[in-house]
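Position in the sequence shown (first residue = 1) + 278 = this note's numbering. Even glycine gets a Cβ: it sits at the ideal position worked out from N, Cα and C. Note that the coordinates shown come from a computational prediction; the quantities given were computed from them, not determined experimentally. Have a look at the structure below, then the notes.
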Amino acid sequence: MNCNRCGSPLPSHGYVCKQCGMMMSAGQLEQNRKWNKENNQNSFNKYNNDFKPLKTNKEKYNFKIALLVVGILLFLIILAILKLN
């Protein structure tokens, strides 16, 4: 299967032409899915073994709170040092 824009061969895994960056059409994507299914190839597992989920909102919130607490402590320490001098 070739790219509709530049004519270069399209990858069997992925959604974009490696040469010109054009997205595959819906028909090309479906054809790729069928080919991968027939050949027992799972593109997600093959190329993304190190997949890590994005941080949840709770983790982001906890990080912001920890950063705020550290900032306040540093401010208080600096203020105490200046008062001693």
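Pair within 8 Å by beta-carbon distance, residue i and residue j
| i | j | result |
| --- | --- | --- |
| L288 | M302 | yes |
| Q297 | S290 | no |
Assigned secondary structure, residue i (DSSP; H/G/I helix, E/B strand, else coil)
| i | result |
| --- | --- |
| N310 | helix |
| N280 | strand |
| N340 | helix |
| N335 | helix |
Residues bridged to residue i [DSSP beta-bridge criterion]
| i | result |
| --- | --- |
| V399 | Look at the range of the chain in this structure, 279 to 363, and you will see that residue 399 is not part of it. |
| P289 | Looking at the DSSP assignment, P289 forms no beta bridge with any residue, so it has no partner. |
Nearest neighbour of residue i, chosen from the options [CA to CA]
| i | options | result |
| --- | --- | --- |
| G304 | K315, N317 and N282 | A quick correction: the sequence has Ala, not Gly, at residue 304. Residue N282 is the option with its Cα nearest to A304. |
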